[in-house]
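These protein sequence lines map, in sequence, to chains G and A. Following our numbering, the numbering of the first sequence begins with 3 at its first residue and continues without gaps. Following our numbering, the numbering of the second sequence begins with 37 at its first residue and continues without gaps.
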Amino acid sequence: MNIRGNIHKVVNIRDLTESTYVLRMEKKGLKFVAGQNLNIGIAGDTERRDYSIYSAENDDYLEILVKEVKDGLVSKRLRKLKAGEELDVDGPFGFFTIKEESRQAGKFLFIASGSGIAPFHSFARSYQKLDFKLIHGIRHSNEAYEREHYPEGQYVSCVTGDNNGDFKGRVTEYLRLNPPDNNTLCYLCGNVNMIYDAFDILKEKGLPSENLFAEVYF
Amino acid sequence: MTRRIAFKTLGCRLNQFETDSLVSQFRKAGYDIVGFGKEADVYIVNTCTVTNQSDKKSRQETNKASRQKRDAVLVVTGCMATNKREELEKEHKITYVVDNEHKNDIFHLVDSHFKGEIISQEELKADRFGFEPISKGLHTRNLIKIQDGCDNFCTFCIVPFVRGRAASRPWKDIKENIEKVLEYGYKEIVITGVNIGRYNTDGMNFEDLIEKILDIPGDFRVRISSIEPEGFGEKLFNLFGHPKLSPHLHLCIQSGSDKILMKMRRTYTVDDFRQMVNKIRSRIPDFNFTTDLMVGFPGETEEDFQLSLAAAEEFGFSHIHTFKYSVRKGTRAERMPDQIPEKIKTERSVVVRELAEKLKNQYRRSFIGKKQKVLVEKIDNQGIASGYGENYVPVKFQSGDQTRVNGFETVEITGIENGEDPDLIGKL
Chain G
3 MNIRGNIHKV VNIRDLTEST YVLRMEKKGL KFVAGQNLNI GIAGDTERRD
53 YSIYSAENDD YLEILVKEVK DGLVSKRLRK LKAGEELDVD GPFGFFTIKE
103 ESRQAGKFLF IASGSGIAPF HSFARSYQKL DFKLIHGIRH SNEAYEREHY
153 PEGQYVSCVT GDNNGDFKGR VTEYLRLNPP DNNTLCYLCG NVNMIYDAFD
203 ILKEKGLPSE NLFAEVYF
Chain A
37 MTRRIAFKTL GCRLNQFETD SLVSQFRKAG YDIVGFGKEA DVYIVNTCTV
87 TNQSDKKSRQ ETNKASRQKR DAVLVVTGCM ATNKREELEK EHKITYVVDN
137 EHKNDIFHLV DSHFKGEIIS QEELKADRFG FEPISKGLHT RNLIKIQDGC
187 DNFCTFCIVP FVRGRAASRP WKDIKENIEK VLEYGYKEIV ITGVNIGRYN
237 TDGMNFEDLI EKILDIPGDF RVRISSIEPE GFGEKLFNLF GHPKLSPHLH
287 LCIQSGSDKI LMKMRRTYTV DDFRQMVNKI RSRIPDFNFT TDLMVGFPGE
337 TEEDFQLSLA AAEEFGFSHI HTFKYSVRKG TRAERMPDQI PEKIKTERSV
387 VVRELAEKLK NQYRRSFIGK KQKVLVEKID NQGIASGYGE NYVPVKFQSG
437 DQTRVNGFET VEITGIENGE DPDLIGKL
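Encoded structure:
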């Protein structure tokens, strides 16, 4: 009963930086909830990886945001695919989603590091009226992936490697200086250390643990 | 000619349920059920693959069965069979390899075999909920399968790859199954599945399901078996006040370190776990929590390990199923750095076992002077009855005139045995 999915053809690949790209593929009627992920491999290959869905629930295509991993067996090969080549796609999986009732009335803080921005892109594009702020931890300001896709003033880049970000420093430093209200629903996605440190800060600031949601990237 | 059949089950309660159902089916068809060490015409090994150790044991039992009687039919099924099907199919000593999806139809396979018709797995009916209600299995408690599969994809876990996507059994089938086993005379049902807290179908979640099960008329009790600390809330906490619902949960913590929990891709923190335990214990102070605790997950430092020990002490688990992390091919943790040396894993598991023994003793001792409603499982020739109380504590007592196997007795706990796994001693 090994988990294997359906064939989806590559539509195109959009380069964002030297090492990061958006892979667009056929949707083929796959229904998902923003925040969920897909298990993807090249058709016929045994190596597979999980990627959060970057596109919106109602887009007529699927997109994932991929950062190439040094010596990675999948991320580098996906980038070389051409339109029409086939992917084996399974899913959607995962519970890093927003309940409908919270969507209407909730106030959200999205905290991402690197390519952990992907599910937030899907949230923002799927739920146009969502009251959110997104803080994005990156090394260089050119990694503010498609920041123009977010409403003016709702995206904050926290940049450690140059002075061109909205905030100079880590997301955790930003959080210490700009803590959210205690009723904010905080969604965190990215590497485990960032999430762990951010959890500590948010809890110190008095946010109840039921307001914290995390999706760890490895 | 009456055929003899022997079963071996490894791993979880879900496997136990599935074996029990097969036992029931073969028994009804006139087969004689014999112990696994005895000579039989058919051996069924229901395997597990959750750790390297489980694989090893599954192989050992398969080999043992193949040595018992050379011309016996040997069926290997379960999670290891699903995970390593191609490899096992090459072994001539195994007659059939059946994956989890087709396990429910093993009777058809064996029956056809003896009629001279060799059928392949693909010809069997694939139905994860197609198991017959257990009329007479191997246990006093009747396991009820409500769910199968898991979509959590914890980074260490092979289960989603061998049990498939999460699926919930419809209420109508569950109700019929429970009513049937109550009719057979069972007094305790155990709710089982791979990730039962994620039960969700026809607008019913896990808490709604338990509420409906408790509403079924009859003199029986309900035990929730292994559950992840997620997917339930106030409603379930309140249901624990219901007289039919046993005050016991096997709530899997896995680690007491938030950092390790995140790396495992668990969906709760230690504080979330604490809140669940405290909410339940504030209503039922002697509530029994048992757990799974993994040692040696990649990156687990001595500090992380100490946090696990502290959590175990704090939550007062009466039983800890501890196991060493082992690499499962295809899982995310396989590719994680900082794999822990085997020697350290072994040392840590020894420490957990010692602590677990102490906590078990403390917990059981706390029942001295209290009463337990014991479901009697057996009465020996000295008239000593034994069974489990509602808190899932083992109790022994001198039986009375009315004491019957599979009957309830209210027992006053007066003492405790010595040893690693002591029974409570009681009197009527």
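Glycine residues also receive a C-beta, built at the ideal position from the N, C-alpha and C atoms.
* To do: Using only alpha-carbon positions, find the residue among G:N144, G:E28, G:V218 and G:R127 that is nearest to S21 (chain G).
  => G:N144
* To do: Give the straight-line distance between the Cα atoms of A45 (chain G) and K78 (chain G), rounded to the nearest whole angstrom.
  => Cα-Cα distance, rounded: 15 Å.
* V388 (chain A) - DSSP class collapsed to helix/strand/coil -> Note: V388 (chain A) maps to helix in three-state DSSP.
* Specify the secondary structure class of K414 (chain A) as computed by DSSP and reduced to three states. => Correct three-state label for K414 (chain A): strand.
* Are at least three pairs of beta-carbons, each pair with one atom in the stretch 326-346 of chain A and one in the stretch 289-308 of chain A, less than 8 Å apart? -> yes
* Roughly how many whole angstroms lie between the Cα atoms of D255 (chain A) and T228 (chain A)? -> 20 Å
* Asked: By the 10 Å Cβ neighbour count, where 16 or more other Cβ atoms means buried, how is S94 (chain A) classified, buried or exposed?
  -> Buried: at least 16 other Cβ atoms inside 10 Å.
* Could you give the distance in angstroms between the alpha-carbon of L204 (chain G) and the alpha-carbon of M27 (chain G)? -> 37 Å
* To do: Could you check the C-alpha separation between L250 (chain A) and V410 (chain A) for me, to the nearest Å?
  => 19 Å
* Asked: Since A126 (chain G) is in the alpha helix (DSSP H), which residue starts that stretch and which ends it?
  -> A120 to S128
* For C115 (chain A), which of helix, strand or coil comes out of DSSP? -> helix
* Asked: If you pair each beta-carbon of the stretch 271-286 of chain A with each one of the stretch 308-327 of chain A, do three or more pairs fall below 8 Å?
  -> Touching, yes.
* Excluding five sequence neighbours on each side, which residues of the same chain lie with their C-beta closer than 6 Å to the C-beta of N178 (chain A)? -> I170, V217, Y222 and I225
* Asked: For the beta strand (DSSP E) that contains N193 (chain G), what are its first and last residues?
  -> Where N193 (chain G) is concerned, the enclosing beta strand (DSSP E) stretches over L187 to N193.
* Asked: Can you list the residues of chain A that I55 (chain G) reaches, using a CB-CB cut of under 7 Å?
  -> Per Cβ cutoff of 7 Å: no residues; I55 (chain G) is ~15 Å from chain A at best.
* Does I119 (chain G) have its Cβ less than 8 Å from a Cβ in chain A? -> Cβ-Cβ to chain A under 8 Å: no for I119 (chain G).
* Asked: Under a CB-based cut-off of 8 Å, is M330 (chain A) close to chain G?
  -> Residue-level contact check: M330 (chain A) does not touch chain G, since none of the beta carbons of chain G fall below 8 Å from its beta carbon.
* How big is the Cα-Cα spacing for G155 (chain G) and R149 (chain G)? -> 10 Å
* Asked: Under 8 Å between the Cβ atoms of N88 (chain A) and T45 (chain A)?
  -> no
* To do: Examine chain A for any beta-carbon lying closer than 8 Å to the beta-carbon of A36 (chain G), and answer yes or no.
  => no
* Asked: Comparing the C-beta of K365 (chain A) with each C-beta of chain G, is any distance below 8 Å?
  -> no
* Out of curiosity, what's the CA-to-CA distance linking Q52 (chain A) and Y79 (chain A)? -> 15 Å
* To do: Identify the contact partners of I15 (chain G) in chain A, using a Cβ-Cβ distance below 7 Å as the criterion.
  => I15 (chain G) does not reach chain A, its nearest Cβ partner there being about 24 Å away, counting only Cβ pairs nearer than 7 Å.
* For G96 (chain G), count neighbouring Cβ atoms within 10 angstroms of its own Cβ and tell me buried if that reaches 16, exposed if not. => buried
* Quick one: grab the DSSP three-state call for Y152 (chain G). => coil
* **P153 (chain G) burial status per 10 Å Cβ neighbour count (16 or more: buried)** => Label assigned to P153 (chain G): exposed.
* Asked: Do we get a CB-CB distance below 8 Å when we pair K161 (chain A) with the residues of chain G?
  -> no
* Enumerate, from N- to C-terminal direction, the unbroken beta strand (DSSP E) stretches of 3 or more residues contained entirely within the stretch 55-112 of chain G. => 63-69 and 88-95
* Residues of chain G with CB under 8 Å from D307 (chain A), in chain order? -> K205 and S211
* To do: Identify each residue in the stretch 269-303 of chain A for which the Cβ-Cβ distance to at least one residue of chain G is less than 8 Å, and report them in chain order.
  => D294, K295, M298, K299, R301 and T303
* Looking at the unbroken alpha helix (DSSP H) that takes in N88 (chain A), where does it start and where does it end? -> N88 to Q104
* Does R368 (chain A) get closer than 8 Å to chain G when you measure Cβ to Cβ? -> Yes - at least one Cβ of chain G is within 8 Å of the one on R368 (chain A).
* **Spatial distance of P430 (chain A) from E70 (chain G) (CA atoms)** => 55 Å
* Taking 8 Å as the CB-CB limit, is D141 (chain A) close to chain G? -> no
* To do: List the residues of chain D that D238 (chain A) touches, going by C-beta distances under 9 Å, in chain order.
  => Note that chain D does not occur in the displayed structure, where the protein chains are G and A.
* **Residues, ordered as in the chain, of the stretch 101-118 of chain A that lie near chain G by beta-carbon distance below 9 Å** => T118
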